[in-house]
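Counting from 1, one number per residue, gives the positions in the sequence shown under full-length UniProt numbering. Comments concern the structure below.
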Amino acid sequence: MNMLSRVAARLYWSARYLERAENIARLVSVYDDLLYDLPRDIAVSWYNLIEISSGVALFGQRYKIKDERNVLKFMLADESNPDSLLSSLKMVRENIRTSRDVVPGEMWELINELDLYARQNIRLGINRSERHTYLNNVIEGCQKIIGLLTGSMSRDAGWHFLNMGALSGARRYEYAHS
1 MNMLSRVAAR LYWSARYLER AENIARLVSV YDDLLYDLPR DIAVSWYNLI EISSGVALFG
61 QRYKIKDERN VLKFMLADES NPDSLLSSLK MVRENIRTSR DVVPGEMWEL INELDLYARQ
121 NIRLGINRSE RHTYLNNVIE GCQKIIGLLT GSMSRDAGWH FLNMGALSGA RRYEYAHS
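So, in structure tokens, the structure goes:
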């Protein structure tokens, strides 16, 4: 099967954005757990997430106060932040929407459902009481999509470009830790 370079690029970036969305959800979830496990007299700022995600300049343009709510809005909901959860899911959805003829139909449905869930329930991710449920649902949605790709997609050029996008993120992680 011959594949246009723009379709190949969309598939590659779909995998990268999906990985980014899942990683953001995991990062916020783990950081939230860390803060609950620390003794109360140890002050740890949510702003650390902005610093480790290289979002200091953009965050500073958008928000004046470096508190939990603003950090979570920036990391999860702020679509002016290209690295936010909602921005990443939007890009996955858009890239797959324009490449639907080379991916399983169920993949489009799962991505659409995940994006819709994330947008309609974003307040749950920002508020403490339901944050873990929201983030776990996002992580689970990402994992379902990855499972569908792994289990049901033909091992053709489209699969290879999706896989390449997913592996490039893993290689960056491996390189950073070596």
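Positions of the beta carbon are idealized from the N, C-alpha and C atoms, including for glycine. For clarity, every value in this text was computed on a predicted model and none was experimentally measured.
Measure from the alpha carbon of residue i to the alpha carbon of each residue in the options, then state which is nearest.
i, options, result
"L85", "E68, V138 and T98", "V138"
"Y47", "L148, E109 and V56", "V56"
"L113", "G141, G147 and G105", "According to the sequence shown, residue 113 is Glu rather than Leu. With distances taken between Cα atoms, E113 lies closest to G141."
"R131", "K73, S54 and R20", "K73"
"N136", "Y12, R16, K66 and D33", "D33"
"A21", "S45, Y12, Q120 and D83", "D83"
"I111", "N127, Q143 and N81", "Q143"
"N127", "L38, D37 and A77", "A77"
Where residue i and residue j are concerned, what is the direct C-alpha to C-alpha distance, given to the nearest angstrom?
i, j, result
"K64", "V103", "43 Å"
"A8", "D101", "12 Å"
"K90", "D115", "7 Å"
"S5", "T133", "38 Å"
"R16", "V44", "30 Å"
"G125", "N23", "14 Å"
"R172", "S129", "Because R172 sits at a pLDDT of 47, beneath the cut-off of 50, its placement in the model cannot be relied upon, and the point is left open."
"R10", "A118", "21 Å"
"S54", "R69", "18 Å"
"M75", "R62", "12 Å"
"I52", "D67", "16 Å"
"W108", "Y12", "15 Å"
"F59", "T150", "36 Å"
"Q120", "L38", "32 Å"
"R40", "A25", "24 Å"
"N81", "Y36", "27 Å"
Inspect the beta-carbon positions of residue i and residue j and report whether they are closer than 9 Å.
i, j, result
"L18", "I122", "no"
"S87", "S14", "no"
"I50", "V71", "yes"
"L148", "E106", "yes"
Stretch pair the stretch 86-99 + the stretch 29-39: three plus CB contacts closer than 8 Å: no
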